[in-house]
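Residue numbering for the sequence shown follows my numbering, beginning at 1 and increasing consecutively. Okay, so here's the structure we're looking at.
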Amino acid sequence: MAFPQSERRKLWKHACLLHLKIYVEHEEDDPHLFRTLVDSWYGYERGEEFLTRKSGRPKWFNRRELANHRNKLRSMMPWISLKAMELIERNSAEPVKDWLVKDHAIPLDSLRKIIRGIADVSIESIEAALREYYHIGIITSDEHARLNKKLKKDMPDHWKVGHNPYERYRVAGIRRYEGPLPEADLEGLIVKIPATEA
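Written out as structure tokens, the structure is:
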């Protein structure tokens, strides 16, 4: 039985959350499975532009996909570094596939600890935590290498749950692109960060 695309998306998003609940309750420890589940949830949560047209499955936004979507990134991604935006806005004939990286602003190891720390584990509480703490940023390969030297898997020592989810970038000196906001409606997806912290 075929489902309409929007219904199919809801079903798969629910399946990701159900598997995450099982993952937490059974104290699973596979980081690759966790990544697949949270990245898939995000794709289904965000919708059409984050899903492949043919199969309706989540796009991973690896370097090649970022290059293919470079002209849409401003409207798709809530956080892009200033240096990444400079690369995106260059002549579209220039290759960029090795220059842009999709980064989990709160590293997946830290996100896993947050999810595991939920007092009352349910599909609803897991989704609420993901909506609050799953954030991605588009940065350059050089910026990614800089992050990996000190903050590859962890948030800075002074960071606490509920603080700025992009604090790793600030500590690493990675500045956010502050140009005009995209025309796409990103209400609720952009985290308001005071200028001194961005």
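All residues carry an ideal CB built from backbone N, CA and C; glycine is no exception.
Could you tell me the boundaries of the beta strand (DSSP E) in which V171 lies? Unbroken run through V171 is the alpha helix (DSSP H), E167 to V171; no beta strand (DSSP E).
Quick one: what's K59 bridged to in DSSP? According to DSSP, K59 bridges with nothing at all.
Please state whether the Cβ-Cβ distance between G43 and L33 is less than 8 angstroms. no
Cβ contact check for the segment 170-177 and the segment 130-148: 3 or more pairs under 8 angstroms: yes
Residues bridged to G117 [DSSP beta-bridge criterion]: G117 is not bridged to any residue.
Should D103 go down as buried or exposed, given a rule of 16 or more other Cβ atoms within 10 Å for buried? Classification of D103: buried, given that the 10 Å Cβ count is 16 or more.
Could you give the C-beta distance for S81 and I139, rounded to a whole number, given that I count them as a contact under 8 angstroms? 5 angstroms
Within this structure, are the beta carbons of K152 and P107 separated by less than 8 angstroms? yes
Within 10 angstroms of its Cβ, does E7 collect 16 or more other Cβ (buried), or is it exposed? exposed
Rounded to a whole number of angstroms, what is the C-alpha to C-alpha distance between G47 and Q5? 10 angstroms
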